[in-house]
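**Q** One structure coming up, written as structure tokens, with questions to follow.
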Amino acid sequence: MRILHINKFFDLSDGVDIYLHQVMQRQEVLGHETHILSTRDPKNVPTADSKYFVERFDLSRSEGVREDAEKAIRFLWNREAQHSLQEMIRMQRPDVIHLHNIYHHLSTSILAPIREAGIPCVQTLHDYKLACPNYRMFTEGEVCERCKGGKYFEAVKHGCLASGFVPNVLAALEMGMTKARQSYERTVRLFLCPSRFMLEKMEDWGEPVGKLRHLANPVELPSDAMTGGGGYLLYAGRLATEKGLASFLEAAIRIPELPVKIAGRGPDEERLRSLVRGSGVTHIEFVGFQTGEGLRGLRARAEALVSPSIWYENASLSILEGMADGLPCLVTRIGGNPELIEDGETGFLAKPGDVEDWVRVLRRFQAVSKVGRQQMGEAAREKIKERFLWSTHLEKLQGFYREAGAS
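All letters in the sequence shown, in the order written, are residues 135 to 541 by our numbering.
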């Protein structure tokens, strides 16, 4: 099968890019022919398809009236991307087109050639952009659904895109135009949702239920479980308000017998460090941004992984990786993440943003014996084997391609 993937970035800078690259590699191993349309960048993964890539632009940086106006036009309708896709369709004749995050940099202009060619098309919903201008349904420190019902100028009123007034106006305008035209709904035959929560949320916001399918995120299963022994809980991720670290740390401060390591960087870092410093405790340590072997080494000695998000996180890859490593996970009951955890069996669930409930959960975990923690980790690995392996993911994905009409 000839599969054309489309994503606005191809530089492995975030989870979507990494997932896309892995999917393409694994599809090639299975005998499929894969191609990619994206934007140009020096950090891109090398590919013969780069000759079709289009110019990348940054709306958050002003470059003058004329240049900014040109970027705004491309934001709403990118003719270069449209022409590139037309050429790729002509030259490569794909059996199926798989959309990922195309928003803004490629624009809905690329949907017209797909409809005109009659090519089966699916889209993985890696975030909430199909419904929410800022992708996350989170603004001003809390979950937000103000735009429901087409009220997209709420994004302007509340400054939901941190990059400034003009990007907020453009995002609201683009959402209104896209929904009025039903651009995605007329083009995409199946929308693939990594969590059941997302599927239900998209249905609630008006997406056609007959086109929504659940496809869980995949993860690699290491041959052996982590052994633990470090005695600490680990948070690894961005230090931002939506990640809910403030309430978790307030609870952790009260339990000095349970050390915590925080790995990551982000806009809330200084505020969180100040919170811990002000408490006078010494059992909570910030270890900076970690990747690769450094992060794996931290996970290898951790007793459990923590994900205290207070937004509609879709299906956190960090939780899946922790489970695959044999770590119990302490997770909030919000978004798609609770679907990954069996409370009391593979981890524990806490109320988002609730300090007292986090104290309860931390005390509950503290009371679990070493053997009990190992059993929870083993149960987590078993759940990965049952539901989240790459082989399962690729088999289901291929089935969805066929359901969409690919052959």
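Glycine included, each C-beta is placed from N, C-alpha and C at the ideal position.
Can you tell me which of the three DSSP states glutamate 419 falls into?
**A** Of the three classes helix, strand and coil, the one that applies to glutamate 419 here is strand, per DSSP.
**Q** Comparing C-alpha positions only, which one of Pro356, Ile475 and Gly398 sits nearest to alanine 434?
**A** For the residues Pro356, Ile475 and Gly398, the minimum Cα distance to alanine 434 belongs to Pro356.
**Q** For glutamine 216 and isoleucine 236, what's the separation of their Cα atoms in angstroms?
**A** Their Cα atoms are separated by approximately 12 Å.
**Q** Hey, how far is the Cα of serine 172 from the Cα of proline 228?
**A** Each residue's alpha carbon lies about 16 Å from the other.
**Q** For a quick check, are the C-beta atoms of glycine 481 and leucine 454 less than 8 Å apart?
**A** No, the pair does not count as a contact, with Cβ atoms beyond the cut-off.
**Q** Can you say whether glutamate 512 is buried or exposed, counting buried as having 16 or more other CB atoms within 10 angstroms of its CB?
**A** With fewer than 16 Cβ atoms within 10 Å of its Cβ, glutamate 512 is classed as exposed.
**Q** Determine whether the Cβ of leucine 523 lies closer than 8 Å to any Cβ atom of chain C.
**A** Looking at the structure shown, chain C is missing, and only one protein chain is on hand.
**Q** Skipping 5 residues on each side, what residues in its chain have a beta carbon closer than 7 Å to that of histidine 234?
**A** The answer, listed in chain order, is His139, Ile140, Asn141, Val150, Leu154, Thr258 and His260.
**Q** Can you give me the C-alpha to C-alpha distance between glutamate 537 and lysine 345, rounded to a whole angstrom?
**A** Those two C-alpha atoms are separated by around 10 Å.
**Q** Does the Cβ of alanine 370 have 16 or more other Cβ atoms within 10 Å, making it buried, or fewer, making it exposed?
**A** Burial call: buried.
**Q** When you compare only the Cα positions, how much space is there between phenylalanine 299 and valine 290?
**A** Computed Cα separation, rounded: 7 Å.
**Q** With which residues is tyrosine 567 paired in a DSSP beta bridge?
**A** This structure cannot speak to residue 567, because the chain is shown only from 135 to 541.
**Q** Could you tell me the distance, in whole angstroms, from the CA atom of phenylalanine 191 to the CA atom of histidine 239?
**A** Cα to Cα, the separation comes out at about 7 Å.
**Q** Measuring CA to CA, which of Leu474, Val493, Ser443 and Glu334 is closest to glutamate 391?
**A** Nearest C-alpha to glutamate 391: Val493.
**Q** Provide the residue span of the beta strand (DSSP E) that contains arginine 347, from first to last.
**A** Taken as a continuous stretch (DSSP letters only), the beta strand (DSSP E) holding arginine 347 covers 346-348.
**Q** Fully enclosed by the region 167-202, which beta strand (DSSP E) runs are 3 residues long or longer?
**A** Counting whole runs of 3 or more residues, the region 167-202 contains the beta strand (DSSP E) stretches 167-171.
**Q** Whole angstroms are fine: how far does the CA of alanine 206 sit from the CA of glutamate 221?
**A** Glutamate 221 and alanine 206: Cα-Cα distance of roughly 24 Å.
**Q** Rounded to a whole number of angstroms, what is the C-alpha to C-alpha distance between arginine 160 and valine 179?
**A** Each residue's alpha carbon lies about 16 Å from the other.
**Q** Which first and last residues belong to the beta strand (DSSP E) in which methionine 139 is found?
**A** The displayed chain sequence assigns histidine, not methionine, to residue 139. It spans 136-140 - the beta strand (DSSP E) in which histidine 139 sits, taken as one unbroken run.
**Q** Quick check on DSSP: helix, strand or coil for serine 441?
**A** Strand.
**Q** By DSSP's criteria, histidine 546 is part of a beta bridge. Which residues make up the other side?
**A** Residue 546 falls outside the range modelled here, since the chain spans only 135 to 541, and no answer is possible.
**Q** Would DSSP call glutamate 276 helix, strand or coil?
**A** Glutamate 276: strand per DSSP, three-state reduction.
**Q** Pick from Lys395, Glu201, Arg249 and Thr526: whose alpha carbon is nearest that of glycine 428?
**A** Measuring from the Cα of glycine 428, the nearest candidate turns out to be Lys395.
**Q** Could you compute how far the alpha carbon of serine 243 sits from the alpha carbon of serine 317?
**A** So the alpha carbons of these two residues sit roughly 9 Å apart.
**Q** Check the C-beta distance from proline 352 over to leucine 523 and give it rounded, since I have them as a contact under 8 Å.
**A** Their Cβ separation, rounded to whole angstroms, is 6 Å, which keeps proline 352 and leucine 523 in contact under 8 Å.
**Q** According to DSSP, which residues form a beta bridge with glycine 506?
**A** For glycine 506, which the question treats as bridged, DSSP gives no partner whatsoever.
**Q** Using the beta-carbon count (16 or more within 10 Å), is lysine 263 buried or exposed?
**A** By the neighbour-count rule (16 or more Cβ atoms within 10 Å), lysine 263 is buried.
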